[in-house]
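This report refers to the structure that appears directly beneath it.
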Amino acid sequence: GENVEQHPSTLSVQEGDSAVIKCTYSDSASNYFPWYKQELGKRPQLIIDIRSNVGEKKDQRIAVTLNKTAKHFSLHITETQPEDSAVYFCAAQGWGGADGLTFGKGTHLIIQP
Amino acid sequence: EPEVTQTPSHQVTQMGQEVILRCVPISNHLYFYWYRQILGQKVEFLVSFYNNEISEKSEIFDDQFSVERPDGSNFTLKIRSTKLEDSAMYFCASRMTGRTDTQYFGPGTRLTVL
Chain U
370 GENVEQHPST LSVQEGDSAV IKCTYSDSAS NYFPWYKQEL GKRPQLIIDI RSNVGEKKDQ
430 RIAVTLNKTA KHFSLHITET QPEDSAVYFC AAQGWGGADG LTFGKGTHLI IQP
Chain P
1249 EPEVTQTPSH QVTQMGQEVI LRCVPISNHL YFYWYRQILG QKVEFLVSFY NNEISEKSEI
1309 FDDQFSVERP DGSNFTLKIR STKLEDSAMY FCASRMTGRT DTQYFGPGTR LTVL
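Respectively, the protein sequence lines represent chains U and P.
The numbering of the first sequence is my numbering, which starts it at 370 and goes up by one.
The numbering of the second sequence is my numbering, which starts it at 1249 and goes up by one.
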């Protein structure tokens, strides 16, 4: 089955700086890669996603890049703000195989004021 | 904006007891999921459900677990005989259609097994 690795487990950045979180996946058939933000005690909320026919997608301060050849994808947050502090999870979903999402272990992003 | 809802928010039970976790998916969604998240760990897929039957289940989803859509709106997860290691946050999710459509998560039920 699919396996998703996520790094780093904790990331501390100064407010206003950029943050980058990286994930790799194992199943070359995976074709959908969402990113979820989870604040303490709350539900995971989708912040951005990318499908395998696209190499990059941007939504205001958030962008995701996908390298299918290397089987990795990354989340980029620019001009970080205190409200960006949360745990971020990457996930992958296959085409012909698993219907459920396979999640990475999460990155605890801390924005230092 | 429509949201997935779950009840109860917190369930405490004794080991060996049966529990039923309830979810109301978004009304026009066709695919339903249960995930669990042990404290401090990643979210793990349990089961997916479509057209009134299980479409896929993970290794975690053993004979102690079952799912049901008893009516047109509810989607339930039953754990027949709870174990200490079943203590976790259980999330329900739903999506409209299409494998790469967004899955929307509910707020979760925190299950504590004593």
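Every residue, glycine too, gets a C-beta built ideally from N, C-alpha and C.
In this text, all values refer to a predicted model and were calculated from it rather than measured experimentally.
What residues of chain P sit near Thr471 of chain U, judged by a beta carbon separation below 8 Å?
-> Phe1293
Does DSSP classify Pro482 of chain U as helix, strand or coil?
-> DSSP places Pro482 of chain U in coil when its eight states are reduced to three.
Evaluate contact between the region 467–480 of chain U and the region 374–388 of chain U, counting only Cβ atoms and requiring at least three cross-stretch pairs below 8 Å.
-> In the pairwise beta carbon analysis, the region 467–480 of chain U is classified as touching the region 374–388 of chain U: at least three pairs are separated by under 8 Å.
Could you tell me which chain U residues have their CB closer than 7 Å to the CB of Thr1360 of chain P, listed as they occur along the chain?
-> The contacting residues do not exist; Thr1360 of chain P stays about 14 Å from chain U at best.
Since I believe Lys391 of chain U is in contact with His441 of chain U (beta carbons under 8 Å), could you give me their beta-carbon distance rounded to a whole number of angstroms?
-> With a Cβ gap of about 6 Å, His441 of chain U and Lys391 of chain U count as contacting.
Cβ shell of Phe1353 of chain P (< 7 Å), same chain only, five flanking positions each side left out = Val1252, Phe1339 and Ala1341
Applying a beta-carbon distance threshold of less than 7 Å, which residues of chain U neighbour Pro1273 of chain P?
-> Simply none; closest approach about 13 Å.
Could you tell me whether any Cβ in chain P is nearer than 9 Å to the Cβ of Leu415 of chain U?
-> Judged by the 9 Å Cβ criterion, Leu415 of chain U is in contact with chain P.
6 Å CB neighbourhood of Ser1296 of chain P in its chain, flanking five on each side removed = Tyr1281, Ser1303 and Glu1304
What is the rounded straight-line gap between the Cα of Pro1318 of chain P and the Cα of Thr1324 of chain P?
-> 8 Å
Using the beta-carbon of each residue, which ones in chain P are nearer than 7 Å to Lys391 of chain U?
-> By Cβ distance, chain P contributes nothing, its closest Cβ being about 15 Å from Lys391 of chain U, past 7 Å.
DSSP state of Pro451 of chain U, grouped into three classes?
-> Of the three classes helix, strand and coil, the one that applies to Pro451 of chain U here is helix, per DSSP.
Beta carbon of Ala439 of chain U, beta carbon of Ile417 of chain U: below 9 Å?
-> no
Would you say Thr1350 of chain P faces chain U, with C-beta separation under 9 Å as the test?
-> At least one chain U Cβ lies under 9 Å of Thr1350 of chain P.
Among residues of its own chain, excluding the 5 on either side of Gly466 of chain U, which ones have a beta-carbon nearer than 8 Å to its beta-carbon?
-> Annotation note: pLDDT 42 at Gly466 of chain U (below 50); position unreliable, coordinate value reported separately. The residues are Gly370, Glu371, Asp396 and Ala398.
Going by DSSP, name the residue or residues bridged to Ala1336 of chain P.
-> P:Leu1359
If we call anything under 9 Å between Cβ atoms a contact, is Val1291 of chain P one with Ala461 of chain U?
-> No; because the gap between Cβ atoms is not below 9 Å, this pair is not in contact.
Are the CB atoms of Met1337 of chain P and Arg1284 of chain P nearer to each other than 9 Å?
-> Yes, they are a contact pair.
Spatially closest choice to Gly1320 of chain P from P:Asn1299, P:Glu1333 and P:Phe1313, by CA coordinates | If we check each option's Cα against that of Gly1320 of chain P, P:Asn1299 comes out closest.
Buried or exposed: Asn400 of chain U, going by 16 or more other Cβ atoms within 10 Å of its Cβ?
-> buried
If you draw a straight line from the C-alpha of Pro482 of chain U to the C-alpha of Arg420 of chain U, how long is it?
-> 34 Å
Taking all protein chains shown into account, do 16 or more other C-beta atoms lie within 10 angstroms of the C-beta of Pro361 of chain U, making it buried, or fewer, making it exposed?
-> Past the boundaries of the shown model lies residue 361 of chain U; chain U is included only from 370 to 482, so the question cannot be answered.
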